[in-house]
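Contents: one structure, followed by commentary.
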Amino acid sequence: MDFFTLVQVLDSTLRLATPLLLACLAGLYSERAGIFDIGLEGKMLIAAFFSAGVAYTTGNVWVGMCAGIGASLVLSVIHGFASITFRGNQLISGVAINFLASGITVLVAQSWFSQGGRTPSLTGAGRFEPIVLPGALTRIRDIADANPFMQIYSELLSGHTIIVYIALLFVPLTWWLLFRTRFGLRLRAVGENPAAVDTAGISVVSLRYSAVIICGVLCGIAGAYLATGLQAGFVKEMTAGRGYIALAALIFAKWRPWSALGACLLFGFLQAVAVRFQNIRIGEFTIPVQFMEALPYILTVVILAGFIGKAIPPKAGGEPYVKER
Amino acid sequence: MDKMPKWADAFLVPLFSLVLAAVLSAIVIVAIGEDPIAAFKLMVDGALMRSSGWGYTLYYATNFMFTGLAVSVAFHARLFNIGGEGQAMLGGLGVAIACLYVPWPHWTLALLGSATLAAAFGAAWAFIPAYLQAKRGSHIVITTIMFNYIAFSLLGYALVNVLRPPGAMDPATEKFAAATHLPTFQDMFSTAATPLFRGAPANVTFFVALAACVLVYFLIWRTRLGYEIRHFGQSPTAANYAGTNGVRIIMITMLISGGLAGMMALNTTQGEAERLILNSTENAGFIGIAVALMGRNHPFGVLLAALLFGFLYQGGAELALWTKIPRDLITVIQAFVILFTGALDNMVRMPLEKFFLMLRKSSGSKDKEAV
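Top line first, the protein sequences correspond to chains A and B. All letters in the first sequence, in the order written, are residues 622 to 946 by this note's numbering. All letters in the second sequence, in the order written, are residues 615 to 985 by this note's numbering.
Encoded structure:
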C-alpha cells in the first residue's frame, strides 16, 4: 500500500465519519439530558429521504435539507412526547420510530416517484457540491503525482462538501455549549439528577425537549448529508445501521464530544477499509470483509463489557421524571 | 384499589391502541392516494378467505409466535431483548447444520434434532449479552442490537465461505435432504377431493409454536422459576432480599428467550425454504417486539397478536401484488402498534382510567342514594 492509497482511505474515512459524527453528537445531547435515543437511525433515514425528495423536486439542496430536518424533528417530537410527556419507555419509543421511518420512507417514495422506494438521482444544485480549497488540485492523476503534503491538502483536506466541515465544527461547539455555558450545565444536570434541577426552579420538561429537538436537527443534517452529499439520492434503508454505529461511538466516547470525534473517525476508518479492501490478507491469513463490517459492533461490546475502561451512562438516562408531590 | 377492571386492562387498552394504529395507517393510505377500505378488503380476501391465504397467515404467525414469546419471556424479567433477529439467524445456522450433516431417517427425528440445535444456537447468541448484563451491568438493549449486526456478518461469512456449495453463486446452503422435509398443511389436510392449503408454506412447526405457547404459560405462571422471573422483573431488590439470585435469573431468562427466538428458524429454514438463505428471518425478530407488547406478554395474547400480524403480513403481500401500496405498509402499522401499545401506553391508558373512575364514582353516588 503506497502513501497515496493511505491518503485516499483517510479521505473516505472523513466522508464516512461525517454522518456518524453528526448522529453521535445528536445522541450526545439527548442522552446527556437523560433521554435514551435508539431512534437515531430512523431520524437519519427519514431525513435522508425527505431531503433527497425535496431537493429533487425543488432543485435546491438547501431546501431539501430543511425538509429533511423538519421530518427528523417530527420524529423527535414524537419521541419527546412518548418519553417526556407520557413517561413511556424510551427504548420502545425509539424502536417504534425506527420502524416508522423505515416504512414511511419507502411508502412515500413509492407513491411520489414510483421507482421502487427510491428517489431519482440528484444532479447539480440538488446535491452538495465539494468545496475545493484554494490552490488544491482536483484531477486525481495530478494529485497522485504531487508531493505528499500536496496530496494530503488536495485529497484529504480539500474537496469535501460543506456538511463535512460543519460537522467538524460542531465538535468544539458542542463541547463549549455543554461544558462552558449555563444551558449546558443544566442539560447535563437534568441527565444526572433531574430532581435537583427541578428544585432549583428550572423546568425539566423544557430542558429535555430542547435536547431532543437539538438531537432532531443534528440527525436531520446527518440524513441530508447521506442522501445529498455522500450519495446522490435516497435508496431504501440507506442508513444501513449507521444510527446504531453512532450509538456505539457515543458509548465508546463515554458521552464526550471530543472523544466522539475520535470514535467516529475510528468507525469511519473501519468502514472505509471495508469498502476499499474486500478481504485483507495478512500473510497466510485472510481477514474476511464480514469481520471488518462487524468490527465496530464487536468493539462496542468489548467496551461495554468494561475491558477497556468503564462506560458509565448519564445517571438518570432512560428514566422518565415524575415530579414529587 | 385498581383504577381499572382487569378485563379492561387486558383487552380495552390493546384494542384502543390497535384502533388508533389502524386509523393512523388508514390516514397514511389516504395520503398516498389509495382507498383504505378497498385495501382492507383486499387484505382480508387474500389472507383469510382462501385456505392457501390461511396457509400463509399461519406460516407467518408461527414465526411471530416464537419471536413474540421470546420477547415476552424477557419482558417478564424486565429485560428488553431486541436481539431476536440475531438469535433467529443463529437458530437458522443451527437448523442448517442439523439438516445438512446428520442423515436423519425420519422427519420427526430431524425436527427434534434441528429444534434442539436451533434453540441451542439461539440461546448461545443470547448468552454473551445476558452475561454482560448480569455480571458487568452493560445494557442488554445495546448489546443485543450489536449482536444482531454481528450475527448478520457471521451468517454472511458462514454462507459465503463455508456452507455454500462449490460453484453456487448465491449465498445459501444446498437443499436439505428429502428426509428432513416437514409435512406442510397441504400434506396433512389436503385430500384429492378437497385440496386445501395449496402451495402454502404453513407446516407442522405451527403446532410446535402452539406447544411453546402452552409451555411458556406453565413456565411463567405455574413454576417456581417463573415466579422468580416475575418477581425479579417487578423488583430486583425485593427478589434479591427474598433469596433469588439475580444473575441466575437474568441468564436463564435470556437463554430461554434466545432459544425461543432461535426456534423460529425451524419454520422458515426447515419448513419453508428447506435451505438456509441470508435473509430468512425477514425482520420477524423485530416484529416479535410488537407482538409481545400487543399480547401483553401473555402467551395467549401473543398467540392472538401473532395471528393478527400474520394476517397483516400476508394481507400486505396481497396489497403489494394487486395495488401500488408496497409491502412496507406493514412496517408502518407495526411501528404504530409498538408506539401505542409500548411507548404511548399511558396516553391510551390515562383517559380510560379516568373513564372507569368516573363510572365508579357515579355508581357509588347512586348506591348512597339507595341507602
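All C-beta atoms, glycine included, are put in the ideal place defined by N, C-alpha and C.
Cross-strand partners of residue i (DSSP beta bridge)
i: residue 786/B; result: 891/B
i: residue 798/B; result: 817/B
i: residue 781/A; result: 752/A
Delimiting residues of the alpha helix (DSSP H) encompassing residue i
i: residue 827/A; result: 825-846
i: residue 803/A; result: 803-813
i: residue 677/A; result: 661-679
i: residue 571/B; result: Since the first residue shown for chain B is 615 and the last is 985, residue 571/B is missing from the structure and cannot be characterised.
i: residue 678/B; result: 665-690
i: residue 683/A; result: 682-701
i: residue 859/A; result: Careful: residue 859/A lies outside any alpha helix (DSSP H) and carries neither H nor E.
i: residue 812/B; result: Element bounds for residue 812/B: n/a, residue is neither H nor E.
i: residue 715/A; result: 711-734
i: residue 630/A; result: 624-653
i: residue 769/A; result: 769-772
i: residue 869/B; result: 860-879
i: residue 948/B; result: 943-952
i: residue 655/B; result: 650-662
i: residue 998/B; result: Since the first and last residues shown for chain B are 615 and 985, residue 998/B lies out of range.
i: residue 851/B; result: 850-855
i: residue 764/A; result: 761-766
i: residue 901/B; result: 898-908
i: residue 627/B; result: 627-645
With 16 other Cβ atoms within 10 Å as the buried cut-off, status of residue i
i: residue 784/B; result: exposed
i: residue 627/B; result: buried
i: residue 638/A; result: buried
i: residue 757/B; result: buried
i: residue 829/A; result: buried
i: residue 615/B; result: With a pLDDT of 46 at residue 615/B, under the threshold of 50, the modelled position of that residue is not reliable, and no figure is offered here.
i: residue 852/B; result: exposed
i: residue 888/A; result: buried
i: residue 712/A; result: buried
i: residue 893/B; result: exposed
i: residue 838/B; result: exposed
i: residue 803/A; result: exposed
i: residue 975/B; result: exposed
i: residue 739/B; result: buried
i: residue 905/A; result: exposed
i: residue 668/B; result: buried
i: residue 636/A; result: buried
i: residue 863/A; result: buried
i: residue 722/B; result: exposed
i: residue 748/A; result: buried
i: residue 907/A; result: exposed
i: residue 861/B; result: exposed
i: residue 753/A; result: exposed
i: residue 938/A; result: buried
i: residue 763/A; result: exposed
i: residue 696/A; result: buried
i: residue 832/B; result: exposed
i: residue 768/A; result: exposed
i: residue 650/A; result: buried
i: residue 775/B; result: exposed
For residue i, the nearest candidate out of the options (CA to CA)
i: residue 778/B; options: 707/B, 676/B, 648/B, 916/B; result: 707/B
i: residue 631/A; options: 871/A, 772/A, 706/A, 868/A; result: 772/A
i: residue 657/A; options: 777/A, 754/A, 645/A, 927/A; result: 645/A
i: residue 940/B; options: 649/A, 891/A, 731/A, 709/A; result: 731/A
i: residue 919/B; options: 676/B, 661/B, 657/B; result: 676/B
i: residue 765/A; options: 633/A, 752/A, 926/A, 629/A; result: 629/A
i: residue 930/B; options: 750/B, 623/B, 944/B, 922/B; result: 944/B
i: residue 647/B; options: 677/A, 702/A, 735/A; result: 735/A
i: residue 789/B; options: 693/B, 877/B, 886/B; result: 886/B
i: residue 705/B; options: 751/B, 880/B, 684/B; result: 880/B
i: residue 693/B; options: 805/B, 755/B, 801/B, 700/B; result: 755/B
i: residue 814/A; options: 624/A, 640/A, 647/A, 655/A; result: 655/A
i: residue 809/A; options: 849/A, 935/A, 684/A, 927/A; result: 935/A
i: residue 852/A; options: 726/A, 744/A, 737/A, 647/A; result: 744/A
Near the ligand ADP: residue i beta-carbon under 6 angstroms from a heavy atom
i: residue 871/A; result: Among the ligands in the structure shown, none appear at all, so the ligand ADP cannot be discussed.
Fill in: Length at least 4, wholly inside the segment 735-784 of chain B: the alpha helix (DSSP H) runs in chain order
754-771
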